[in-house]
Amino acid sequence: MDNFQNILILAPHTDDGEFGCGASIAKFISQNNNVYYAAFSLAEESVPIGFPKNILEVEVKAATKVLGIKPDHLILYKYPVRRFAQFRQEILEDLVKLNKEIIPDLVFMPSLNDLHQDHSTVANEGLRAFKKTSILCYELPWNNISFSTNCFINFGEKELETKLRALNCYDSQKMRSYASEEFIRSLAVTRGTQIGYKYAEVFEVIRWLIK
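Here's what the structure looks like:
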């Protein structure tokens, strides 16, 4: 990963980046890569009863801090959840602006085969905005129609624990079955087993530039 100076994570909603590549983010940061995280919705319309409307903003700031992402490398937008398609052009313009300002060498985003309408919008517009950049799509099994496991990033217990601690910051999302430590750890073991390592996260290669 020494060839990547700036790495950009595209998260349609807060926590998508942590679920999809949290351990990899921790690994990149331990290797002194610059990691930027852009979340496009704070999902205020779907915050569970009993939590303040800004809870996901509070939680993503805490989670990305655990991962080691600098506060000024966290970019937050407020697009309405499940309505990204209505703001496709605005999202594309934000992505183009991120490309010009950050000049990322590597972009992580949801799969082009992701079922969620917001994830699909970010993925498709990301493909347009970063057409001259290496792109990897992260795995979210509960949303993926199909997923090509053609890139793996291995990591150790330390990175997995960091991912788990980051996701533990999302008190408002702990009711979801895929937020359990058992599921997260078992998926890391499964992907690691596929390549002969203890743990791994898997990605689809959309574009890989060798410079």
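Following the working numbering, the numbering of the sequence shown begins with 20 at its first residue and continues without gaps. Backbone N, C-alpha and C fix where the C-beta goes; we use that ideal spot for every residue, glycine too. Owing to the predicted nature of the structure, the values given are computational and were not obtained by experimental measurement.
Taking just the CA atoms, how far does Cys40 sit from Asp133? 15 Å
Inter-residue spacing [alpha-carbon to alpha-carbon] between Val85 and Glu178: 11 Å
Using the beta-carbon count (16 or more within 10 Å), is Asn169 buried or exposed? exposed
Can you list, in chain order, the residues of its chain with a C-beta nearer than 7 Å to that of Gly211? Leave out the 5 residues immediately preceding and following it. Asn173, Lys217, Tyr218 and Ala219, listed in sequence order.
By Cβ distance, which residues of its chain are closer than 7 Å to Tyr98, with the 5 residues on each side in sequence left out? Phe59, Ser60, Phe106 and Ile110
Would you mind sorting Lys72 into buried or exposed? The rule is 16 or more other CB atoms within 10 Å of its CB. exposed
Are at least three pairs of beta-carbons, each pair with one atom in the region 157–169 and one in the region 141–148, less than 8 Å apart? no
Could you give the DSSP three-state label for Cys40: helix, strand or coil? helix
Hey, out of Val221, Ile225, Trp227 and Glu112, whose CA is closest to Ala42's CA? Val221
Below 8 Å on the Cβ atoms is my contact criterion, and I expect Asp34 with Gln136 to pass it. Report the Cβ-Cβ distance as a whole number of Å. That belief does not hold up - the Cβ atoms of Asp34 and Gln136 are roughly 17 Å apart, past 8 Å.
So, is Leu114 buried or exposed, given that buried needs 16 or more other C-beta atoms within 10 angstroms? With 16 or more other CB atoms across the displayed protein chains lying within 10 angstroms of its CB, Leu114 is buried.
Please report the residue range of the alpha helix (DSSP H) in which Ile110 lies. Arg107 to Ile121
Buried or exposed: where does Val224 fall if 16 or more other Cβ atoms within 10 Å of its Cβ makes it buried? Exposed: under 16 other Cβ atoms inside 10 Å.
Can you give the Cα-Cα distance for Phe38 and Lys230, rounded to whole angstroms? 29 Å
By how many angstroms is the C-alpha of Phe103 removed from the C-alpha of Leu131? 15 Å
Nearest CA to the CA of Lys151: which residue from Gly87, His138, Ser167 and Arg226? Arg226
With Ala57 as the anchor, note down where its beta strand (DSSP E) starts and where it stops. Asn53 to Ala58
Under the assumption that Ile26 contacts Ala57 (Cβ atoms under 8 Å), give the Cβ distance between them as a whole number of angstroms. With a Cβ gap of about 12 Å, Ile26 and Ala57 do not count as contacting.
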